[in-house]
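In UniProt numbering, the protein residues as written are 1 to 410.
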């Protein structure tokens, strides 16, 4: 057991929109690149920590919270959060026995419980998965059976009459009623995770753009910690942080952060932008809950759907448009580096925001790996945590905390 662990959580990406003013020192980044976070009076050039978490999205924050609650004497610091549809998924879609299925079902229950405890507003508005053509009904029935295998509660197959009762303006032949699907503002959830973390003694360092992660070649004379903290994380300003262990939850940058630490870049991240349309305010009465089509197995995404938001608006989407920048939330966001990364990877047409292996195949589940050598033994990479990572964040954080505790013998 490490006697006095200190945590540093890294925040990557657009933390400004999600966290500005929400918790001390959370000031976001224009560049959107991964950066560790740590607050307080320490300067980056002299900071040392037992564990550094690189990545500022909901998974990184949840993991930081889980670790510090297990080890109160530790100190921690934490992109994509806020840019999804805000759905609390039920777990019906995912392959039985897969990590996605297990973590989503467990994570949804934990998330509802957490929101109730913290007073975070959510709506358990349900979801209909609607078959509109006769040939879709066998796929719908198979999906229903999959949901039962995954342990999703409350599922029902309903006919046209019941569809109209739940969604008067929806037309379909048959539907799956998923009453436990809901919506929430994940930025509020992430903010609450950050507040929990800081209240437990966690630290946040802002404006630290990660440039390199390496093993220390020698003990700096200025460091009283000496070689107790053998990993050096450097930023673009020449400042550095020293630590014993690193956990990366870098989302869109997970492959690049892996390469920085000398580990494999696979799976590669290929960013696809999903655009949404908004219903006119006077037409929002047409949709009461989430309305999804029957997924087509030829495509690795769920299809265009209606999603109510916590602010009362109704979103329609997303499509799948190749993004020319890792954080290409606007149509004309462009990064030459990101374009080159896209060009050298082969993948199936129409894949949206997913990881690809070295053969160009879609990686469909969560990936957790480490590396080789001295630095590889001190790093845990959380790779490819796509939807439903937000829904599953509390469950994922528990699994990451288990892995960290076992791997690093905390």
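A virtual CB, placed ideally from N, CA and C, is assigned to each residue, including glycine. Being a predicted model, the structure only gives us computed values, none of them experimental.
Beta-ladder partner(s) of residue i, from DSSP
i: residue 392; result: In DSSP, residue 392 forms no bridge with anything.
i: residue 54; result: 248
i: residue 215; result: 231
i: residue 305; result: 317
i: residue 68; result: For residue 68, which the question treats as bridged, DSSP gives no partner whatsoever.
i: residue 242; result: 48, 232
i: residue 182; result: 88
i: residue 355; result: 269, 363
i: residue 369; result: 381
i: residue 122; result: 184
i: residue 156; result: 177
i: residue 210; result: 235
i: residue 279; result: Paired residue(s): none; residue 279 is not in a bridge.
Straight-line Cα distance separating residue j from residue i
i: residue 61; j: residue 173; result: 42 Å
i: residue 42; j: residue 169; result: Reliability of the predicted coordinates at residue 42 is poor, the pLDDT of 40 falling under 50, and no value is obtained from them.
i: residue 239; j: residue 227; result: 18 Å
i: residue 304; j: residue 120; result: 27 Å
i: residue 370; j: residue 268; result: 15 Å
i: residue 201; j: residue 55; result: 18 Å
i: residue 66; j: residue 152; result: 25 Å
i: residue 158; j: residue 113; result: 28 Å
i: residue 377; j: residue 245; result: 9 Å
i: residue 193; j: residue 132; result: 40 Å
i: residue 405; j: residue 160; result: 51 Å
i: residue 372; j: residue 59; result: 24 Å
i: residue 355; j: residue 384; result: 6 Å
i: residue 297; j: residue 236; result: 44 Å
i: residue 253; j: residue 270; result: 10 Å
i: residue 87; j: residue 139; result: 22 Å
i: residue 209; j: residue 257; result: 11 Å
i: residue 176; j: residue 313; result: 24 Å
i: residue 420; j: residue 361; result: Outside the shown range of the chain, which is 1 to 410, sits residue 420, and nothing can be said about it.
i: residue 31; j: residue 285; result: Because residue 31 sits at a pLDDT of 38, beneath the cut-off of 50, its placement in the model cannot be relied upon, and the point is left open.
i: residue 230; j: residue 407; result: 17 Å
i: residue 57; j: residue 251; result: 7 Å
i: residue 311; j: residue 189; result: 15 Å
i: residue 171; j: residue 164; result: 7 Å
i: residue 2; j: residue 279; result: Because the pLDDT at residue 2 is just 34, under 50, the model does not fix this residue reliably, and the point stays unresolved.
i: residue 281; j: residue 409; result: 54 Å
i: residue 317; j: residue 287; result: 14 Å
i: residue 80; j: residue 191; result: Note that residue 80 scores 34 on pLDDT, short of 50, meaning its location in the model is unreliable and no value can be drawn from it.
i: residue 390; j: residue 102; result: 14 Å
i: residue 187; j: residue 216; result: 36 Å
i: residue 24; j: residue 73; result: Reliability of the predicted coordinates at residue 24 is poor, the pLDDT of 31 falling under 50, and no value is obtained from them.
i: residue 134; j: residue 293; result: 13 Å
i: residue 403; j: residue 111; result: 21 Å
i: residue 263; j: residue 381; result: 9 Å
Assumed close pair residue i, residue j - CB separation to whole angstroms, cut-off 8 Å
i: residue 234; j: residue 182; result: Incorrect: roughly 42 Å between the Cβ atoms, too far for contact.
i: residue 51; j: residue 243; result: 6 Å
i: residue 375; j: residue 214; result: 7 Å
i: residue 179; j: residue 147; result: Not a contact, Cβ separation roughly 12 Å.
i: residue 295; j: residue 302; result: 5 Å
i: residue 357; j: residue 266; result: 6 Å
i: residue 100; j: residue 365; result: 6 Å
i: residue 63; j: residue 400; result: 5 Å
i: residue 212; j: residue 260; result: 6 Å
i: residue 289; j: residue 136; result: Contact doesn't hold; Cβ gap of about 20 Å is too wide.
i: residue 53; j: residue 247; result: 5 Å
Unbroken alpha helix (DSSP H) run spanning residue i, endpoints
i: residue 193; result: 186-199
i: residue 374; result: 373-376
i: residue 256; result: 254-260
i: residue 162; result: 160-166
i: residue 130; result: Here residue 130 belongs to no alpha helix (DSSP H); instead the beta strand (DSSP E) covers 127-131.
i: residue 146; result: 137-149
i: residue 94; result: Run containing residue 94: none; DSSP gives neither H nor E here.
i: residue 292; result: Run containing residue 292: none in the alpha helix (DSSP H); it sits in the beta strand (DSSP E), 290-293.
i: residue 152; result: Neither: residue 152 is in no alpha helix (DSSP H) and is coded neither H nor E.
i: residue 106; result: 99-118
Proximity test, Cβ basis, 8 Å: residue i and chain C
i: residue 180; result: The structure shown contains no chain C, having only a single protein chain.
Delimiting residues of the beta strand (DSSP E) encompassing residue i
i: residue 385; result: Taken as a continuous stretch (DSSP letters only), residue 385 belongs to no beta strand (DSSP E), as it is neither H nor E.
i: residue 175; result: 174-178
i: residue 287; result: No beta strand (DSSP E) holds residue 287; DSSP gives it neither H nor E.
i: residue 270; result: 268-270
Kindly confirm or deny that the segment 380-396 and the segment 90-109 touch, where touching means at least three C-beta pairs closer than 8 Å. yes
Does the segment 88-95 come close enough to the segment 137-154 to have 3 or more Cβ pairs within less than 8 Å? Segments in contact, yes.
Count the CB pairs spanning the segment 126-133 and the segment 186-205 that are closer than 8 Å, and state whether there are at least three. no
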